[in-house]
Structures are given as C-alpha cells and as structure tokens.
Amino acid sequence: MDAALLLGGVYVAGRMEIEASNPADLVRRIMAGDGSAENELVNRYSRGVFFVLNQNVSDRAAAEDLYQETFHLTLEKIRGGEVREPERFSGFILSIARNLAIEHFRKNTRARERQGDENESRTLAAPEASQLENLLKEERARLVHHVLDALPSERDRTVLRRFYIADDEKEEICADLGISSLHFNQILCRARERYRQAFEELSGKDRK
Amino acid sequence: MDKPMQHSEIERDSLIDRYVRNTLRGAERQSFEEHFLDCPQCLEQLEIASSLRQAVRESAVEAVTAPAVTRPGPWYVLGWVQAAAAACLVVAMATSVVFFEQMQHARRELASAQLELASTRGLASSPEVYVLGLSRGSNEIKEIALPRTPRWMVFSIEMDTTQFPSYRAILSDPSGKEIWQQAGIQPASPDAIGVTVPSNLLASGSYTLIVQPSAQAGATLSRFSLRFQ
C-alpha cells in the first residue's frame with residue numbers, strides 16, 4: 000500500500016512546508032519510483048483535495064473515501080505516465096477528485112432509484128449526523144459565540160448574519176446598513192481572524 | 000498557459016467568500032480551485048470562512064430552537080453591575096433573536112406552504128427520483144412508470160451547471176403545449192440540477208423536458224424525450 004495513503008483519510012493539518020520541488024519535479028521523481036516524492040505529493044495536496052471534496056459531498060465519510068481514492072488514482076496515473084502537463088498538476092488532481100465525486104453522486108442516485116425506496120429523501124440530503132459531526136458542531140458553536148461577542152457593534156453582527164445566514168449580497172447589505180465595501184470587508188476579516196484566534200485558544204495550538 | 004491567480008485579485012473579487020457561499024462559477028471557480036489547492040494561505044482562509052459560515056448558520060437554528068434561556072436569579076440578588084450587564088445582554092440577544100425568529104418564521108411558513116401545496120395536490124411527501132443522463136446525440140426515449148400514488152417526481156438532470164447561476168425547465172406534451180415549468184432552479188452540485196414535477200399533472204404518453212439558462216429563454220441546454228406509463 001502506498002505509504003502516503005496510511006494517513007487515514009483525513010487531511011494533514013498544520014502549515015504545509017512547500018519545498019523547492021515543483022509539481023513537474025514531483026511527477027518526474029514519482030515516475031522514477033521515488034517513494035518520498037509520493038509522500039511529498041500527498042502532504043502538499045491533501046488539505047486542498049479534502050476541502051474541495053467536502054464542499055461537494057455532504058457525507059463526510061464519503062468525502063474521506065473519495066479523498067483516499069483520489070490519491071490512489073492520482074499516483075497510479077502518474078506512474079502510468081498519464082500526466083501530460085505537469086506544470087498544471089493542480090488541475091489534473093482536481094479533475095480526478097471532481098470526477099470521483101460525480102461518479103459517487105451518480106452511483107448513489109442510481110442505487111436509490113433501483114431500490115425504489117420510497118422513504119429515501121433526495122440524493123444529496125445529509126445523513127444523520129455522526130458523533131464526530133456532533134462534536135464538531137459543538138466546537139463550532141463555542142467558537143462562534145466568541146466571535147459574535149467580540150464584534151464591536153450589533154450592526155457588525157447583523158452583517159455577519161445577513162451574509163452567512165440569509166445569503167444576502169454584499170452590495171445589498173452595504174446599501175441597507177449604510178456601510179462601505181471596505182468596511183464590510185473589514186468586518187468579515189475581523190470575524191474570521193477572531194474565529195481563527197478562538198480556535199487556536201480552544202485547541203491550545205500556536206500556529207505562529 | 001493561463002496567468003496564475005494573484006492574491007490581490009482574490010481579495011478584490013472576494014473569491015473566498017463567493018466560493019464558500021457557492022456563488023463562484025465556471026472558469027473563475029476552476030482557476031481559484033487550482034490556485035488554492037497549492038496555496039496554504041488561501042486554504043486556511045477558506046477553511047476558516049467555511050467553518051465560520053457554518054457556525055453562524057448553526058447558531059441561528061440554535062437560537063430559536065433552544066429551550067428557554069436559563070435566567071439569572073431575581074434581579075435584586077445580583078449586584079448592580081451584573082444586573083446592568085445582564086440587561087444589556089438581554090437587549091442585544093432580543094434583537095438578534097427577533098431577527099432569527101423572523102427568518103425562521105419565514106422559513107417555517109415556506110415549508111408549511113409547500114406541504115400544504117403538496118397535500119392540496121394530494122401528493123405524498125416523499126418524492127421519486129429519476130436520473131436523466133446525457134445521451135450522445137441520440138433520440139433515446141426514457142420510459143418512466145408513473146407512481147401509483149400522486150407524489151413529487153424529481154428529475155436529476157446530469158449536466159454541467161457551472162456556466163449559469165440558475166436554470167428553467169419546461170415540460171411539454173407532444174403538441175408542444177407547455178404543461179409545467181419550473182424557473183429559478185439553483186444547482187445542487189456542479190454536475191446536476193433537480194427538476195420537480197407533481198405526478199398528478201401527468202398522464203400516460205410522451206413528453207419533452209428541456210432545460211434552459213434562466214436568463215436566456217430559447218437557448219436549450221438539454222432535451223429529454225420521456226414516455227410515462
């Protein structure tokens with residue numbers, strides 16, 4: 000089994016050290032049988048691939064499976080000399096991930112259609128939250144209270160809620176609340192920065 | 000080769016927020032994904048933005064579904080500082096909760112209206128889902144058995160949904176008469192849209208289902224020949 004796939008299907012957290020190896024170099028080394036290059040490739044792209052899959056697949060367990068498959072297939076294709084433009088490697092691995100997600104979606108839809116299960120809801124409905132999901136949800140709730148409490152005004156909280164809950168457009172929010180685009184961006188930046196800090200405080204990590 | 004994306008461009012065009020809100024489409028979305036896949040800085044911002052958005056949305060649900068807030072003891076046993084702080088917090092929370100409750104009320108009304116519509120039409124609440132794949136240049140007719148009891152029929156149409164923000168679907172009978180139209184369809188994923196038709200509108204026979212971009216009537220993106228039995 001590829002050493003890289005022993006990561007367990009969860010993206011590698013923490014800051015990634017982008018070494019001097021460019022994608023073309025990594026591809027060349029993998030084709031030459033360099034196992035360390037395979038690890039380097041997985042370390043480099045795992046976080047991004049997992050994020051993209053999580054955005055497209057509502058089931059976290061399925062996203063993890065697809066993450067594993069993506070790298071398995073990617074490495075297979077590299078060894079088989081199928082990377083035509085190594086300098087556009089991000090696009091190559093993304094297309095593999097997307098195609099796997101599409102295939103996953105189609106399989107699920109067809110399976111439900113065949114089973115004729117009248118109690119199934121639409122294909123992309125999320126399954127019942129797992130214990131992990133519940134824990135993540137609780138942690139997010141703690142963090143967001145920190146963020147909302149730290150915002151200087153109720154107007155700032157309204158910006159966040161209208162943008163993230165009601166999905167109102169930025170221009171509409173700015174016009175209604177009489178704030179500039181720059182001020183809007185600052186509110187969001189402050190909120191995200193506070194959220195990140197709250198996360199670090201809760202997890203006890205120092206990302207510096 | 001395409002010019003690599005710059006961080007100034009990402010910030011100027013609010014690509015991070017547009018991505019997590021799923022309003023970034025087409026080539027721009029693709030370029031951004033190719034960029035952030037290999038950019039720890041952007042990836043971190045995306046993870047935070049995505050998590051924050053999800054947390055804010057979850058907190059809204061929590062605010063209106065949680066049991067009554069545990070009240071502090073009677074005011075006269077609190078120090079005046081604590082009482083003033085509690086009062087300010089209550090006012091702030093009340094404003095927020097009013098907003099949330101209005102939104103949740105609107106959502107409940109919408110859900111209730113949908114159920115009412117379904118029951119008015121005599122439709123069961125659970126839909127039947129059918130996948131309509133792209134056939135390569137053929138006039139393949141898809142045979143579909145009408146449900147025995149009236150219910151919603153959801154057609155999951157496989158197509159590239161990254162080109163337009165929303166779509167319109169039109170179901171016509173053999174004479175070309177339009178019997179059902181659904182507008183403003185937002186894609187649920189990059190590769191498919193769902194078109195929902197009440198089965199009690201349909202009788203046995205042949206129909207044509209076409210999909211158009213919402214903003215370009217007449218520009219057919221997909222066409223399916225259906226025969227209901």
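Sequence order for the protein chains is V and P. For the first sequence, numbering that gives the first Met the number 0 assigns the number 0 to the initial residue and increments by one for each residue that follows. For the second sequence, numbering that gives the first Met the number 0 assigns the number 0 to the initial residue and increments by one for each residue that follows. Virtual Cβ for every residue (Gly too), placed ideally from N, Cα, C. These figures come from a predicted structure and were not determined experimentally.
Buried or exposed, going by whether 16 or more other CB atoms sit within 10 Å of the CB of R46 of chain V?
Translated into the one-based positions of the first sequence, residue 46 of chain V becomes position 47. Flag for R46 of chain V reads buried.
Taking P197 of chain P as the reference, which of P:Q180, P:D190 and P:L51 has the closest Cα?
As a working mapping, residue 197 of chain P is identified with position 198 in the second sequence. Selected option, being the one with the closest Cα: P:Q180.
C-alpha gap between L65 of chain V and A96 of chain V, whole angstroms:
Here residue 65 of chain V is taken as the residue at index 66 of the first sequence, counted from 1. Here residue 96 of chain V is taken as the residue at index 97 of the first sequence, counted from 1. In a straight line, the C-alpha of L65 of chain V is about 7 Å away from that of A96 of chain V.
Alpha carbon to alpha carbon, what distance is there between L93 of chain V and Q228 of chain P?
Numbered from 1 along the second sequence, position 229 holds the residue referred to as residue 228 of chain P. Numbered from 1 along the first sequence, position 94 holds the residue referred to as residue 93 of chain V. Computed Cα separation, rounded: 41 Å.
Taking C-beta pairs closer than 8 Å, name the residues in chain V that L45 of chain P reaches, listed in chain order.
In the second sequence, counting from the first residue as 1, residue 45 of chain P sits at position 46. Residues of chain V passing the Cβ test: F50.
Using CA coordinates, which residue listed in V:A149, V:G34, V:H145 and V:L187 is at the minimum distance from R161 of chain V?
Start at 1 with the first residue of the first sequence, and residue 161 of chain V comes out as number 162. Ranking V:A149, V:G34, V:H145 and V:L187 by Cα distance to R161 of chain V puts V:L187 first.
Contact with chain P by Y194 of chain V, beta-carbon distance below 7 Å
Start at 1 with the first residue of the first sequence, and residue 194 of chain V comes out as number 195. It does; some Cβ of chain P falls within 7 Å.
Determine, using beta carbons only, whether I164 of chain V comes closer than 7 Å to chain B.
No chain B is part of this structure, whose protein chains are labelled V and P.
Which value, in whole angstroms, describes the spacing of the CA atoms of P173 of chain P and R17 of chain P?
The residue labelled residue 173 of chain P in the question sits at position 174 within the second sequence. The residue labelled residue 17 of chain P in the question sits at position 18 within the second sequence. The alpha-carbon atoms of P173 of chain P and R17 of chain P are separated by roughly 42 Å.
Any C-beta of chain V sitting closer than 7 Å to the C-beta of D37 of chain P?
Taking the second sequence and counting its residues from 1, one reaches residue 37 of chain P at position 38. Closer than 7 Å: yes.
Around the C-beta of S155 of chain P, are 16 or more other C-beta atoms found within 10 angstroms, so that it is buried, or is it exposed?
To locate residue 155 of chain P, count along the second sequence from 1; it is residue 156. By the 16-neighbour rule on beta-carbons within 10 angstroms, S155 of chain P is buried.
Under 7 Å, do T69 of chain V and L99 of chain V count as touching if we go by C-beta distance?
Translated into positions along the first sequence, residue 69 of chain V becomes position 70. Translated into positions along the first sequence, residue 99 of chain V becomes position 100. Yes; because the gap between Cβ atoms is below 7 Å, this pair is in contact.
Looking only at its own chain, which residues have a Cβ that is under 7 Å from the Cβ of L170 of chain P, when we skip the five neighbours before and after it?
For the purposes of this step, residue 170 of chain P is taken as the residue at position 171 of the second sequence. Answer for L170 of chain P: I178, W179, V196, Y206 and L208, listed in chain order.
Only counting the same chain, and skipping five residues up and downstream in sequence, which positions put a Cβ closer than 6 Å to that of F163 of chain P?
Numbered from 1 along the second sequence, position 164 holds the residue referred to as residue 163 of chain P. The answer, listed in chain order, is P212.
Relative to the C-alpha of R20 of chain P, which candidate in V:E192, V:R191 and V:Y163 has its C-alpha closest?
As a first step, residue 20 of chain P must be located in the second sequence, where it is residue number 21. For R20 of chain P, the nearest C-alpha among the options comes from V:Y163.
Is M142 of chain P near R28 of chain P, with beta carbons less than 7 Å apart?
Along the second sequence, one-based indexing puts residue 142 of chain P at 143. Along the second sequence, one-based indexing puts residue 28 of chain P at 29. The sequence shown places Glu at residue 142 of chain P, rather than the Met named in the question. Their beta carbons are not under 7 Å apart, which means E142 of chain P does not touch R28 of chain P by this criterion.
What residues in the stretch 197–214 of chain P bring their beta carbon closer than 9 Å to a beta carbon of chain V?
none
Mind pulling the chain V residues with CB within less than 8 Å of R147 of chain P?
Here residue 147 of chain P is taken as the residue at index 148 of the second sequence, counted from 1. Those within 8 Å of R147 of chain P in chain V number zero; the least Cβ separation is about 10 Å.
Tell me the DSSP secondary structure of L208 of chain P in three-state form.
For the purposes of this step, residue 208 of chain P is identified with residue 209 of the second sequence, where counting begins at 1. Strand, per DSSP.
Could you check where the beta strand (DSSP E) with R222 of chain P kicks off and where it finishes?
Numbered from 1 along the second sequence, position 223 holds the residue referred to as residue 222 of chain P. Residues S221 to F227.
Using DSSP bridges, identify the partner residues of E157 of chain P.
Taking the first residue of the second sequence as 1, we reach residue 157 of chain P at position 158. Note: E157 of chain P sits in a beta bridge opposite P:A191.
Would you identify the three-state DSSP class for M30 of chain V, choosing helix, strand or coil?
Sequence index remark: in the first sequence, residue 30 of chain V carries index 31 (1-based). DSSP places M30 of chain V in helix when its eight states are reduced to three.
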